[in-house]
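> What follows is a structure written as structure tokens; I'll ask about it next.
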Amino acid sequence: MKKLIRLTITLCILSPALGEASPKKIPVFACATVQSIDKEAEDCDGNILFAEAAVLCLNKLKDLVDAQTASAKKLMEASTSAHTSEAANYGISMDTIDQLLRSAKQANAQVAIYMKNIYVPEEFGLVEAGVDEDEILLGEKCYSENRETLLWVEQDIDQIIDELEAMKKMSANLGGSSTTRKTGQDSLSAPAVKAGGQGSVGNPKGRDRGQSDISGTEKKPEKLAPTNR
Amino acid sequence: MLALRWYPMKSLLLALSVTLFSMLFLGVDALACSSSCSGCNPHNINIYKKKHPSWKLFYEKVIAEGVKPISCFRSRACQEQLLKCYNRRRDYGRVAKRASNHETRIAMDFSTRNGHHIRAREIAKTTLTGNVRQLMHGGGGFHMSNGASEGSRLAVRGSRAVDSYRAKRKAKGVGNRNGYIVIPGKSGTYLKRGNEFIRMTWEPIRS
């Protein structure tokens, strides 16, 4: 019994140190669902709620990424400026980067769903009179401004994904002996992901992005969109 | 002799195949993109003619002057059908859940392209009585109705988060013009989304 108590105390003292070695559990990431926005939004004027949800989603993602990578970024910058080839301990595990990447892609997929679900202005009927649909939609602020916000948010999330991919690549190149790299060793043998590369499997962008597992909305097959009619 | 008989047959067959092809692949799509809400269906004008007789008179006057109203009555099914057709080319979004004035009241739009709205406005001054709502749509349409405001409370509600984000984004994007690009030979400006270019403006690049 005494031995058991001693072991428990020892484990309690050692646990912070052990905790460093295991990957951090990052909070579950989720953005507002279309269903929840739809409770209030019912027409083009309601598109502001989709834009708001997208901005809040981006802010949440930024906070999450910043909290997890702040120290890692500093160390990475320092090691880059010193041109050292020594393996660095960035204080962030591959698992954490992977989790952040998953969250960012989830956020991107959710914003893509918002894009599909915004409301068109009522004047959409004017297309029948031969008025160009782009002209009608771009002329209505409730549509054009909020859609612009959604597209900007998508671009910003894409940038976060690029940064995380770059961090993952750099960590894989330099961090061979990192004490925090207890997991995710498989990524070392995988080909490096080109940061920001179009069509990269690990970094879906725009319409290439995958399904969101938040709302469960099915992704329609990709369409060829005319851009200048 | 056989060849002489075959040539007209061949050209007939060719003409038939071309017609069949256009019907199957072009005609059907064009058919699907037109809907029962085209032009001016005076359904609601007739329904409310006892309550709002001036609108019936207004309708007759504008038609007599060759001014063409649009979307006088637009049912929900009609709007859904129209949007579904356009969504086939690109995801524009959804039709409003709330019923429009075109659906439940007397309303009509006039295209600003041909100046019909100017004449309609003049006729309205001397003909229409009661509450008349006139609204210039951003996208080339002039809306007239006997209904109350179509705008919702959300239009004035705004969002601090969105305002702040847009202000920061505009400030940040001055250098790269917020990611807007011009495509040679195409009007307006575009934002790249994946492999797609989305038209964003009609005017030259904003800084």
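In order, the protein sequence lines correspond to chains B and R.
The numbering used here numbers the first residue of the first sequence as 1 and each following residue consecutively.
The numbering used here numbers the first residue of the second sequence as 230 and each following residue consecutively.
Glycine included, C-beta positions come from ideal geometry on N, C-alpha and C.
Taking Cβ positions, are R:Lys290 and R:Cys269 nearer each other than 8 angstroms?
Cβ distance not < 8 angstroms, so R:Lys290 and R:Cys269 don't count as in contact.
> What ranges does the beta strand (DSSP E) occupy inside the stretch 322 to 386 of chain R, keeping only unbroken runs of at least 3 residues that lie completely in it?
Qualifying beta strand (DSSP E) stretches, in chain order: 336 to 340, 362 to 366, 370 to 374.
> Which two residues bound the contiguous beta strand (DSSP E) that contains R:Phe426?
R:Phe426 -> beta strand (DSSP E) spans 425 to 430.
> Can you give me the C-alpha to C-alpha distance between B:Met94 and R:Lys399, rounded to a whole angstrom?
Taking the straight line joining both Cα atoms gives about 34 angstroms.
> Could you tell me the distance, in whole angstroms, from the CA atom of B:Ile48 to the CA atom of B:Asn173?
When rounded, the distance between both Cα atoms is 43 angstroms.
> Mapping DSSP to helix, strand and coil, what is R:Pro282?
DSSP places R:Pro282 in helix when its eight states are reduced to three.
> Compute the Euclidean distance between the alpha carbons of R:Thr330 and R:Gly322, then round it to the nearest angstrom.
Checking the displayed sequence, the identity of residue 330 of chain R turns out to be Asn instead of Thr. Spanning the two alpha carbons is a distance of roughly 20 angstroms.
> Going along chain B, which residues have a C-beta under 9 angstroms from R:Val361?
Within 9 angstroms Cβ-Cβ: nothing; R:Val361 doesn't reach chain B, min ~18 angstroms.
> Residues of chain B with CB under 8 angstroms from R:Leu286, in chain order?
In chain order: nothing, as chain B lies at least about 23 angstroms away.
> For the beta strand (DSSP E) holding R:Lys421, just list the boundary residues, first then last.
Note, R:Lys421: beta strand (DSSP E), 418 to 422.
> Against chain B, does R:Ile434 count as a neighbour if the rule is that its beta carbon must be under 8 angstroms from one of theirs?
The predicted model places R:Ile434 with a pLDDT of 46, which falls under 50 and marks its position as unreliable; any figure quoted below should be read in that light. It does not; no Cβ of chain B falls within 8 angstroms.
> Ends of the alpha helix (DSSP H) at B:Gly139?
Here the alpha helix (DSSP H) through B:Gly139 covers 133 to 139.
> By Cβ distance, which residues of its chain are closer than 7 angstroms to R:Arg395, with the 5 residues on each side in sequence left out?
Answer for R:Arg395: no residue qualifies.
> Near B:Leu137, what residues of its chain come up, given a Cβ to Cβ distance below 6 angstroms and the 5 sequence neighbours on each side ignored?
Closer than 6 angstroms at the Cβ level, and outside the excluded window around B:Leu137, lie Tyr143.
> With distances taken from CA atoms, which of R:Ala390, R:Asn343, R:Lys278 is nearest R:Gly295?
Among R:Ala390, R:Asn343, R:Lys278, the Cα nearest to that of R:Gly295 is on R:Asn343.
> Is it a yes or a no for the stretch 305 to 325 of chain R touching the stretch 357 to 373 of chain R, going by three-plus beta-carbon pairs under 8 angstroms?
At 8 angstroms Cβ cutoff, the stretches do not touch.
> Which residues in chain R have a C-beta closer than 7 angstroms to the C-beta of B:Gln155? List them in chain order.
Simply Gly408.
> Nearest chain B C-beta to R:His366 closer than 8 angstroms, yes or no?
True, the Cβ-Cβ gap to chain B drops below 8 angstroms.
> Which residues in chain B sit within 7 angstroms of R:Ala325, going by Cβ to Cβ distance?
Neighbours of R:Ala325 on chain B, chain order: Glu42, Asp43, Cys44, Tyr119, Glu122.
> List the whole-angstrom C-beta distance separating B:Glu42 from R:Lys326, where the pair is believed to meet the contact cut-off of C-beta under 8 angstroms.
Indeed, because the Cβ distance is near 4 angstroms, the residues count as touching under 8 angstroms.
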